[in-house]
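Numbering-wise, the sequence shown is residues 1 to 803 according to UniProt numbering.
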Amino acid sequence: MIQAKLKLEIIIGCLIWVFLLVLIVYIVHDSWQKKSLMEKQEAHWQRERQKTNRAFLCLLDLASTSELIVGWTEDDYAAYRKKQGATVTLLQNLKAEQEDSLQRACIDSVCNLLAEKEKQMAALLQLFENVPNAGEIIHRKIPVAVSQSKKNILQQKETPAIQTDEKEKKGFWSILRKQKKRSAYALQREETQKVPISAITSNTRTVGVQPSALLYSIKKEIDNATRYYEKTLSAKMDSLRFGNRILNEHINLLVQNFERKESESFYREIRWQQETRTYAFRLITGTSIGGFLLAILLYMVIHRDVNRQYRYRKELEKTNGKNLELLTTRKNMMLSIAHDLRAPLATIKGCAELISGEKEKNRKDEYAENILHSSDYMLGLVNTLIEFYLLDTGRSKPNLLIFRLETLFNEITQNYGSLAQTRKLRLATDFFGLDVVVSGDRSQLQQILNNLLSNAVKFTRQGEVRLQAEYRNNELYFLVQDTGTGMTEEEKGRIFAAFERLDNARNLPGFGLGLAITSRLVSGMQGTITVKSKPGEGSTFAVFLPFPKADESTQVDEAHVATDYHLEGINVLVIDDDRIQLNITKEMFHRNGVQCDCCQTSRELVTRLRSQRYDLLLTDIQMPETDGYRILELLRTSNMENAKTIPVIAVTARVDDGNEYLSGGFSGCIHKPFSMGELINAVAQVIGKKDKKEYEPDFSLILSGEDNQEEMLGLFIEESRKDLLILTDALGRQDKETIISMLHKKLPLWETVRLDFPLFHLRKLVTDYKIEWTDEQYMEIRDIIQAVEKLIAYAKKIREESL
Numbered sequence: 001m002i003q004a005k006l007k008l009e010i011i012i013g014c015l016i017w018v019f020l021l022v023l024i025v026y027i028v029h030d031s032w033q034k035k036s037l038m039e040k041q042e043a044h045w046q047r048e049r050q051k052t053n054r055a056f057l058c059l060l061d062l063a064s065t066s067e068l069i070v071g072w073t074e075d076d077y078a079a080y081r082k083k084q085g086a087t088v089t090l091l092q093n094l095k096a097e098q099e100d101s102l103q104r105a106c107i108d109s110v111c112n113l114l115a116e117k118e119k120q121m122a123a124l125l126q127l128f129e130n131v132p133n134a135g136e137i138i139h140r141k142i143p144v145a146v147s148q149s150k151k152n153i154l155q156q157k158e159t160p161a162i163q164t165d166e167k168e169k170k171g172f173w174s175i176l177r178k179q180k181k182r183s184a185y186a187l188q189r190e191e192t193q194k195v196p197i198s199a200i201t202s203n204t205r206t207v208g209v210q211p212s213a214l215l216y217s218i219k220k221e222i223d224n225a226t227r228y229y230e231k232t233l234s235a236k237m238d239s240l241r242f243g244n245r246i247l248n249e250h251i252n253l254l255v256q257n258f259e260r261k262e263s264e265s266f267y268r269e270i271r272w273q274q275e276t277r278t279y280a281f282r283l284i285t286g287t288s289i290g291g292f293l294l295a296i297l298l299y300m301v302i303h304r305d306v307n308r309q310y311r312y313r314k315e316l317e318k319t320n321g322k323n324l325e326l327l328t329t330r331k332n333m334m335l336s337i338a339h340d341l342r343a344p345l346a347t348i349k350g351c352a353e354l355i356s357g358e359k360e361k362n363r364k365d366e367y368a369e370n371i372l373h374s375s376d377y378m379l380g381l382v383n384t385l386i387e388f389y390l391l392d393t394g395r396s397k398p399n400l401l402i403f404r405l406e407t408l409f410n411e412i413t414q415n416y417g418s419l420a421q422t423r424k425l426r427l428a429t430d431f432f433g434l435d436v437v438v439s440g441d442r443s444q445l446q447q448i449l450n451n452l453l454s455n456a457v458k459f460t461r462q463g464e465v466r467l468q469a470e471y472r473n474n475e476l477y478f479l480v481q482d483t484g485t486g487m488t489e490e491e492k493g494r495i496f497a498a499f500e501r502l503d504n505a506r507n508l509p510g511f512g513l514g515l516a517i518t519s520r521l522v523s524g525m526q527g528t529i530t531v532k533s534k535p536g537e538g539s540t541f542a543v544f545l546p547f548p549k550a551d552e553s554t555q556v557d558e559a560h561v562a563t564d565y566h567l568e569g570i571n572v573l574v575i576d577d578d579r580i581q582l583n584i585t586k587e588m589f590h591r592n593g594v595q596c597d598c599c600q601t602s603r604e605l606v607t608r609l610r611s612q613r614y615d616l617l618l619t620d621i622q623m624p625e626t627d628g629y630r631i632l633e634l635l636r637t638s639n640m641e642n643a644k645t646i647p648v649i650a651v652t653a654r655v656d657d658g659n660e661y662l663s664g665g666f667s668g669c670i671h672k673p674f675s676m677g678e679l680i681n682a683v684a685q686v687i688g689k690k691d692k693k694e695y696e697p698d699f700s701l702i703l704s705g706e707d708n709q710e711e712m713l714g715l716f717i718e719e720s721r722k723d724l725l726i727l728t729d730a731l732g733r734q735d736k737e738t739i740i741s742m743l744h745k746k747l748p749l750w751e752t753v754r755l756d757f758p759l760f761h762l763r764k765l766v767t768d769y770k771i772e773w774t775d776e777q778y779m780e781i782r783d784i785i786q787a788v789e790k791l792i793a794y795a796k797k798i799r800e801e802s803l
């Protein structure tokens, strides 16, 4: 039934698609025909425009040629008539294609005006040819004078005639000079100006008439003929100019008509094309939308069941892939955890077995110290796992502090410098622009640097490790470069994966989470990390992190402030289902003077609260019988004395946000496993009684990883004594520059070992070097010298105890 329904739906869908296809073909064919019609119309316009342009060019050529009529020859006049005939032919061809009667009449007017202009120009040329001939007038006057003086003919000696038309002698250069063609008007005027002077002279000499009277009569007749000629020429020229003006007006009207017609046709065609395109667009759009909607509907109907089955299969494959990935990750995690926890657990087990039967105190202390170191190592591994979980799930929250970049990098350089020396490596540094106070997560930045530097030192057998850092434009850029084994391209793609260990790290301790945590820390800080590496050439890790500058008025965060809490006389009640954890917690409290009672069930808790008054309650969150939230609800709803007001601290091994417990009604939160310091600090924060403890420096950072701690302490004592001599001598001379240089050099080390001097004032002395020092600053230098002497004394004490 389902198959038949699917077939029917498919057939209906195919028929719909065929109908749509036919409709689309029809639309395309119709659009193609309209496009062809547009192209033909446009070609017709192009031809008509070309004819019009040729006609206008010919009219312009005729107008410009007629302006030079004065210098025309017979050839020029013949060429003009030929051009005029061609122009009239073009205009008549245009007239045949015009539908507007006004335009046709305008073309006829232009043709008639051109014919009239040609007649006027012919008359003008004929007038140019009939220039008054002075020679004819003279020859007409001479016979009269001759007839009156025949008597004196024989007496006068015939005088030879003067040749005025003697040919001009031609020189050598005249042969090479180009002969210009003379115009018809110029030739005629030259001929008329040739006066037979010889005839006049000879006749006047022969006859006996007065030459002046004869010349006056000739001149008068010539002047009359010239004035008549000029008047006639002026009238002809005025008539020609008037005719040209009328012709130009008709040509302008013709041009305007053509332009108007072309503009109207163009806009009409544009509108038609727009309407055609709009219609085609709407038709195609409507058809496409209709077809698309029908296709979607058909797809939804046909593939509903098939798609559901396909989705289920994909989800199953995706879930299976995730499960396989989780199994692989869990396998790697279990192998890593088992591998890295086996050694410290073996140490703890062996030392625990040996310590019970050992009688020598030194051996017992050594076994206890081994157990402590192994447990600290295991705790570090567990904390690494927890930290990776928080980062991977996005539950890690930054701890924003105000700190100085230079101090942090100097501290890290100091710590890893000694570690590099023990491995016979050189740690090179290059810092620029780090003398700034920034706002950010100091611990995360320090962890990124520690992970990169520890890997660089760990995988470099010889050569150097280089740390470069630069702060510019609110961005911190640093790179860690080593000369170690390097990596291939395939290995570079795997190093940031969780629990991933390369071949050269199989036998080294760790879970393979260092770079995975580093990558997630950098991403969480909105930064980037890149790696460049080649096998045998080492690796280079480059990190960009945004670190805005802190407000200058904000104080720098003080780290490593030695504080402790006076909790003597406080009664604390602890409830937990783990007896061992209860005993450890109770012993931690006893060592700090806190009275502690323990219970494992809610019944024991109620009994204890009824029999005694307690200042604080610590409850485990997850227990077999109950949980921490039920304990808190029990207390707050109870009518027992102090039950509603007693502070309750949640103790949990879960990786939860402490704020969730605070919002749930708890006064504080402690995460397992915790140290004695973390326990006392959490209790003191809730109780609110804290005070400074007796000063005690911390040499754990400079002694960590050192096999010969006595030698390291001796080196510290020796160098500190040299520093004291320099400071004492500079203080006696009040050499401010030497003092600041020494403080700047030793500040990271003194921060590490917790110098008994306010670090904020120490940093202020180093950074505010431009101010003028008074007796107050020099008194602080004396206090710093005394604090260094305390460090030396305490180091000598530790060294003597270890010998």
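The C-beta atom is built at its ideal place from N, Cα and C for all residues, glycine as well.
| Check | Outcome |
| --- | --- |
| Cys111 versus Leu247, Ala122, Thr488, residue with shortest Cα-Cα distance | Leu247 |
| Lys746 burial status per 10 Å Cβ neighbour count (16 or more: buried) | buried |
| Coil, strand or helix - Arg494 by DSSP | coil |
| Thr226 to Glu262 span [Cα, whole Å] | 53 Å |
| Simplified DSSP state of Ile402, which is helix, strand or coil | strand |
| Contact belief for Cys598 with Leu616 at Cβ below 8 Å, rounded distance in angstroms | Not really, about 13 Å apart at Cβ, beyond 8 Å. |
| Limits of the beta strand (DSSP E) - the one that Gly628 falls within | Looking at the DSSP string, Gly628 is not in any beta strand (DSSP E); the run it does join, the alpha helix (DSSP H), is 628-636. |
| Alpha-carbon to alpha-carbon, Arg754 and Lys322 | 49 Å |
| C-beta contact flag for Thr285 and Leu20 at 8 Å | no |
| C-alpha gap between Gly732 and Asn708, whole angstroms | 37 Å |
| Assigned exposure category for Met779 - 16 Cβ within 10 Å defines buried | exposed |
| Where Met588 falls, given that 16 or more other Cβ within 10 Å makes a residue buried | buried |
| Limits of the alpha helix (DSSP H) - the one that residue 804 falls within | The structure shown does not extend to residue 804, since the chain is modelled only from 1 through 803, so no value can be given for it. |
| Alpha-carbon spacing of Asp441 relative to Phe541, whole angstroms | 20 Å |
| Through-space distance from Ala795 to Trp750, alpha-carbon basis | 13 Å |
| Range of the contiguous alpha helix (DSSP H) that encloses Leu427 | Run containing Leu427: none in the alpha helix (DSSP H); it sits in the beta strand (DSSP E), 426-432. |
| Test item: CB-CB of Leu449 and Ile412 under 8 Å | yes |
| Distance CB(Gln481)-CB(Gly538) smaller than 8 Å | yes |
| Option in Met676, Leu425, Phe431, Leu632 with minimal Cα separation from Val465 | Leu425 |
| The ligand NAD heavy atom lying under 7 Å from the CB of Ile784 | The ligand NAD is not part of this structure, which contains no ligands at all. |
| Option in Ser741, Thr752, Val788 with minimal Cα separation from Leu765 | Ser741 |
| N- and C-terminal bounds of the alpha helix (DSSP H) containing Phe674 | Phe674 -> no alpha helix (DSSP H), and no H or E assigned at all. |
| Contacts around Thr52, its chain only, beta-carbon distance under 7 Å, and the 5 residues preceding and following it disregarded | Leu94, Phe258 |
| Reference Met378; option with closest CA among Leu427, Thr347, Ile646 | Thr347 |
| Gly486, DSSP secondary structure in three states | coil |
| Between the CA atoms of Gly668 and Glu633 - distance to the nearest angstrom | 16 Å |
| Whether Leu405 touches Leu427 by CB criterion (8 Å) | no |
| Cα-Cα separation between Leu372 and Lys359, rounded to whole angstroms | 19 Å |
| For Thr530, the nearest candidate out of Ala550, Phe496, Gly524, Pro548 (CA to CA) | Phe496 |
| Contacts around Ile670, its chain only, beta-carbon distance under 8 Å, and the 5 residues preceding and following it disregarded | Leu618, Ile649, Ala650, Val651, Thr652, Glu678, Leu679, Ala682 |
| Pro697 vs Leu791 beta-carbon contact at 8 Å | yes |
| For Ser602, the first and last residue of its enclosing beta strand (DSSP E) | Segment 602-611 is the alpha helix (DSSP H) holding Ser602; no beta strand (DSSP E) there. |
| For Ala643, three-class secondary structure by DSSP | coil |
| Assigned secondary structure, Tyr614 (DSSP; H/G/I helix, E/B strand, else coil) | coil |
| Nearest residue (CA-CA) to Ser699, options Lys797, Met237, Glu625 | Note that residue 699 is Phe in the sequence shown here, rather than Ser. When only C-alpha atoms are compared, the closest one is Lys797. |
| DSSP three-state assignment for Glu719, whether helix, strand or coil | helix |
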